[in-house]
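With my numbering applied, the sequence shown covers -9 to 314.
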Amino acid sequence: MRAIVLKEIGAPENLVLADVPVPQILDNEVLIQVKAISINPVDAFVRRTKEALDWVYTYKGTEEHIILGWDVAGVVTETGSAVTKFKKGDEVFGNFKFIGQANAYAEYVAAPENEVVLKPANVSFEAAAGATMAAMTAWVSLVNVGEIMKGDKVIIHGASGGVGHYAVQFAKHFGAYVIGVASGANRDFVLGLGADEFIDYQTQRFEEIVTDADLVHDAVWSDDDKHLERSLKALKPGGRLLSLVIYPTKEFIEQAKAEKDVALLRVNVSPSPSYEKDLEYIARLLSSGEVKTHISHTFPLEDMHKAHAIIQTKNAVGKIIVTP
């Protein structure tokens, strides 16, 4: 089968097309013919960072091929002897074996049956693939960790991005008042997602405009180590600050609690015990049309390096999809 392998740590061009064996499935796995692959910022981070490859990909040093990727949608072509949830021909999607080696940049992947769910018939493979890691990250942040409630005033940073554009839609689904923060060029897109207000981070200081938020979803891939402090200022006493990228120090967490009674919560996007239930809920929202995947770019498998060149800018709008 065709797959994209990483020759060595470094530039997007180190991702090259190769012929590799079709994976053998375990008893609890299904073999999926991949129809669409979703690309995330963490993919590029692992590609160019040895420490991330060792940890996120769990590189052992004995692999014949390094195949990145965790998000797919496709068709079940084979089931393990212990699989009861799926049959051959089922259309499925999911984000699996994260943290670990899912080997998703390929024409076929082996996935545990409890880490994929049925794709709604009226949702494209591309849209379903997009709604995997990015959508689950937004869901875990706002719903499982943030415990979002109707009437909450919520700030969504990076509201035009992969995670952010789902976060806006999820927050509106739960009845929140949503303030989307992104670049001015994406104003109409963010408001079109349902945001009630828009703040252009390039020309405005969000913490000077909003100081009474109940919840801040901070998913900014930023070198600004003061970003969490700014998000803290935007919260009212008793609010919740969800940090998806920056690891807050113990001292900062304690200070936020002592000075403003703010719960600063680090969001872990690894699959949780409620993973299947959560992804099935997302599938229903996709099926009903209440939540949509915005796809800004689609590339064929052999152009994976082009997808990585865009995602590593951290300015991609919506999702980038690759199709084998």
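Note that CB positions come from ideal geometry on N, CA and C, so glycine has one too.
Might you give, ordered along the chain, the residues of its own chain that have their beta carbon closer than 7 Å to the beta carbon of residue i, omitting 5 neighbours on each side?
i, result
"G90", "T48"
"V113", "L276, S277"
"L(-4)", "N4, L5, R37, I56, L58"
"N18", "G70, A72, V73, P102, E103"
"V46", "V32, V36, I89"
"K162", "V168, G184"
"A34", "H298, I301, Q302"
"V257", "V130, S131, V135, L232, S233, L234"
From the DSSP output, in three-state form, read off residue i for me.
i, result
"F164", "coil"
"S28", "strand"
"A185", "coil"
"P227", "strand"
"A175", "helix"
"I311", "strand"
"I243", "helix"
"S233", "strand"
"A149", "coil"
"Q192", "coil"
"D208", "strand"
"G154", "helix"
"A118", "helix"
"Q159", "helix"
"D33", "helix"
"K216", "coil"
"K143", "strand"
"I138", "coil"
"V(-5)", "strand"
"A253", "strand"
"A128", "helix"
"V6", "strand"
"I15", "coil"
"A203", "strand"
Assuming residue i and residue j form a contact by the criterion Cβ under 8 Å, report the distance between their Cβ atoms to the nearest whole angstrom.
i, j, result
"G64", "I22", "4 Å"
"E105", "F86", "4 Å"
"P110", "A1", "Not really, about 37 Å apart at Cβ, beyond 8 Å."
"M123", "D61", "5 Å"
"V135", "L232", "6 Å"
"E266", "V107", "6 Å"
"G154", "L269", "About 19 Å; that fails the 8 Å criterion."
"I236", "L218", "6 Å"
Excluding the 5 residues preceding and the 5 following residue i in the sequence, name in chain order all residues of the same chain whose CB lies nearer than 6 Å to its CB.
i, result
"V281", "Q159, L275"
"P314", "V24, E97, L291"
"A297", "I29, F289, I310, V312"
"D142", "A166, D204, L205"
"H284", "H155, G308"
"A26", "A63, F115, E116, A119, I311, T313"
"L254", "L231, P238, I243, A246"
"V10", "A(-7), H55"
In chain order, what residues of the same chain lie with their CB nearer than 8 Å to the CB of residue i, ignoring the 5 residues before and after it?
i, result
"D186", "Y167, V168, I169"
"S264", "N134"
"A157", "A128, S131, L132, I146, A149, H207, A209"
"K140", "F164, G165, A166"
"R195", "R220"
"K75", "E103, N104"
"E53", "Q91"
"S260", "F88, I89"
I'd like to know if residue i contacts chain D, where contact means its C-beta is closer than 8 Å to some C-beta of that chain.
i, result
"H207", "As a matter of chain content, chain D is missing from the structure shown, which is built from one protein chain."
Indicate whether the contact test is met: 3 or more Cβ pairs, each with one atom in the region 121 to 135 and one in the region 90 to 99, closer than 8 Å.
Touching, no, given that fewer than three Cβ pairs across the two stretches are closer than 8 Å.
Would you check if the region 169 to 177 and the region 138 to 151 touch, i.e. whether three or more CB-CB distances between them fall below 8 Å?
A contact exists between the region 138 to 151 and the region 169 to 177.
If you pair each beta-carbon of the region 220 to 229 with each one of the region 248 to 266, do three or more pairs fall below 8 Å?
By the Cβ criterion, the region 220 to 229 is in contact with the region 248 to 266, since at least three pairs of Cβ atoms, one from each stretch, lie closer than 8 Å.
Let me know the beta strand (DSSP E) ranges lying completely inside the region 255 to 307, each 3 residues or longer, listed in chain order.
Whole beta strand (DSSP E) segments, 3+ residues: 285 to 290.
Quick one: which unbroken beta strand (DSSP E) runs of 3-plus residues sit fully inside the region 41 to 116? Chain order, please.
If we require 3 residues or more, the beta strand (DSSP E) runs fully inside the region 41 to 116 come out as 61 to 69, 81 to 85, 98 to 102.
Taking three-plus beta-carbon pairs below 8 Å as touching, is the region 31 to 50 in contact with the region 75 to 82?
Pairwise C-beta distances place the region 31 to 50 out of contact with the region 75 to 82, as fewer than three of them are shorter than 8 Å.
Counting Cβ pairs, one atom from each stretch, are 3 or more of them under 8 Å apart for the region -9 to 11 and the region 292 to 301?
Touching, yes.
Any 3 or more C-beta pairs closer than 8 Å across the region 159 to 173 and the region 231 to 248:
The region 159 to 173, when compared against the region 231 to 248, does not touch it at the 8 Å Cβ threshold.
Any chance the region 7 to 17 sits against the region 298 to 308, with 3 or more Cβ pairs inside 8 Å?
The region 7 to 17 is not in contact with the region 298 to 308.
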